[in-house]
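Going down the list, the protein sequences come from chains A and B.
Going letter by letter, the first sequence gives residues 33 to 145 in the numbering used here.
Going letter by letter, the second sequence gives residues 7 to 151 in the numbering used here.
C-beta atoms are modelled at their ideal positions from N, C-alpha and C, and glycine is treated no differently.
Computed from a prediction, not measured in an experiment: that's the story for all the values here.
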Amino acid sequence: MEDLFEVSVSQRGDACVVTAVGEVDVSTAPELRQKLREQPEDAFVVVDLSDVTFLDSTGLGVLVAALKRVREREAGGELRLVVSRPQVSKVLEVTGLSGVFSIHPTLDEALAR
Amino acid sequence: MSSSRAFEPDVRGVDEASEHVELLLPVRPELWVLARMSASAIASRLDFGFDAVEDLRLAIDELCNSCAAGAAADSRLRLVYRWDDDTIHVACEVSPIGPASPVAADTLELSARILDALVDEHGIDPVDDGRRKGWLTKSRPTLGL
Numbered sequence: 033m034e035d036l037f038e039v040s041v042s043q044r045g046d047a048c049v050v051t052a053v054g055e056v057d058v059s060t061a062p063e064l065r066q067k068l069r070e071q072p073e074d075a076f077v078v079v080d081l082s083d084v085t086f087l088d089s090t091g092l093g094v095l096v097a098a099l100k101r102v103r104e105r106e107a108g109g110e111l112r113l114v115v116s117r118p119q120v121s122k123v124l125e126v127t128g129l130s131g132v133f134s135i136h137p138t139l140d141e142a143l144a145r
Numbered sequence: 007m008s009s010s011r012a013f014e015p016d017v018r019g020v021d022e023a024s025e026h027v028e029l030l031l032p033v034r035p036e037l038w039v040l041a042r043m044s045a046s047a048i049a050s051r052l053d054f055g056f057d058a059v060e061d062l063r064l065a066i067d068e069l070c071n072s073c074a075a076g077a078a079a080d081s082r083l084r085l086v087y088r089w090d091d092d093t094i095h096v097a098c099e100v101s102p103i104g105p106a107s108p109v110a111a112d113t114l115e116l117s118a119r120i121l122d123a124l125v126d127e128h129g130i131d132p133v134d135d136g137r138r139k140g141w142l143t144k145s146r147p148t149l150g151l
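Next comes the structure, spelled out in structure tokens:
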């Protein structure tokens, strides 16, 4: 079956940009989890979900775990999300996580410090 | 979550003569996309509208996740869709499954919050006779509300 998900990492200034494309569900979330775990604990990480067309509780769990790691290690790291699609915004809102993450509508805004 | 049930989720008892759609899948999460596609197709045919179709697509995914948590590699997931004028009823059953099948609490909590927000009613029954059953109902949104 065709792979509906891709994740890549790039450097933008001092930020590690983890870009996810496609559907984040129980079968693809481990790939996103792996990419996030590979980032240095003091990194400024931006997770770009602009082209994520589907995000379920498993994907949310991966993002929550990454945010917990950043906060618990207190190594100066930071995690921000880029969210532009209503479907992704909605799932963050209904789970009460929209107030937990630093969410930005564009990558440029997320990169601004 | 409601304790009252508008739909009997025992998929073994489905009236074969009634209009319904069944989907039988191996418990392989990469196949949940087929469950989402079927939900989307049925909701679209019933004129649920874009947002409600997207809601149901996500809800079906969460139902599959919750029912299949901890299932064995040879387990099967069965989805049954039934509908009336403005409501879709979905039953999900996974078997075989052990009574002590682990479920990640954090993810299940997020899943329950999503289902609470997106559907009218939903529930997951305790494992019984090697089967875990779940169900949900979603009505077509009323315009103007």
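query, result
"To which residues of the same chain is S101 of chain B closer than 6 Å at the C-beta, ignoring the five residues directly before and after it?", "G136 and R137"
"Taking L92 of chain A as the query, report the chain B residues whose CB atoms sit under 7 Å from its CB, ordered along the chain.", "L116"
"Are the stretch 34 to 50 of chain B and the stretch 131 to 144 of chain A touching by the rule of at least three beta carbon pairs closer than 8 Å?", "no"
"Give every residue of the same chain whose Cβ lies closer than 7 Å to the Cβ of E55 of chain A, excluding the five residues on either side of it in the sequence, and list them in chain order.", "L36, F37, T85 and F86"
"From the DSSP output, which residues share a beta bridge with L68 of chain A?", "None; L68 of chain A has no bridge partner."
"What three-state label does DSSP hand S101 of chain B in the structure shown?", "strand"
"In this structure, does DSSP put D131 of chain B in helix, strand or coil?", "coil"
"Does the beta carbon of G128 of chain A come closer than 8 Å to any beta carbon on chain B?", "yes"
"Rank A:L124, A:K100, A:E63 and A:P72 by C-alpha distance to the C-alpha of P114 of chain A and give the top, closest one.", "The question names Pro, yet the displayed sequence has Val at residue 114 of chain A. Taking only the C-alpha atoms, the option nearest V114 of chain A is A:L124."
"Quick check on D88 of chain A - is its C-beta less than 8 Å from some C-beta in chain B?", "yes"
"Would you verify that the beta carbon of A123 of chain B is, or is not, closer than 8 Å to some beta carbon of chain A?", "yes"
"Among residues of its own chain, excluding the 5 on either side of D57 of chain B, which ones have a beta-carbon nearer than 8 Å to its beta-carbon?", "P147"
"Restricting to runs no shorter than 3 residues, where is the beta strand (DSSP E) found entirely within the stretch 47 to 124 of chain B?", "82 to 89 and 93 to 101"
"With a cut-off of 8 Å on the beta carbons, I'd call D67 of chain B and D88 of chain A a contact; round off their distance for me.", "5 Å"
"According to DSSP, is R6 of chain A helix, strand or coil?", "This structure gives no information on residue 6 of chain A, because the portion of chain A shown stretches from 33 to 145."
"Name the chain B residues that come within less than 9 Å of S59 of chain A, Cβ to Cβ?", "R34, P35, E36, L37, W38 and V39"
"Kindly indicate which three-state DSSP category A75 of chain A falls into: helix, strand or coil?", "coil"
"If you follow the alpha helix (DSSP H) that E141 of chain A is part of, which residue opens it and which one closes it?", "L139 to L143"
"Checking contacts by CB at 8 Å: is I130 of chain B closer than that to chain A?", "no"
"Output yes if chain B places a C-beta closer than 8 Å to the C-beta of L143 of chain A; else output no.", "no"
"In the stretch 50 to 71 of chain B, which residues sit with their C-beta less than 7 Å from some C-beta in chain A, listed in chain order?", "E60, L64, D67, E68 and N71"
"Where does R137 of chain B fall in DSSP's three states?", "strand"
"Mind listing the chain B neighbours of Q119 of chain A? Cutoff is C-beta to C-beta under 7 Å, in chain order.", "E60"
"Going by beta carbon distance, what residues of the same chain come within less than 6 Å of L95 of chain A, once the five residues before and after it are set aside?", "none"
"Starting from V120 of chain A, follow the alpha helix (DSSP H) in both directions and report where the run begins and ends.", "P118 to V126"
"Starting from L29 of chain B, trace the beta strand (DSSP E) in both directions and tell me its first and last residue.", "H26 to P32"
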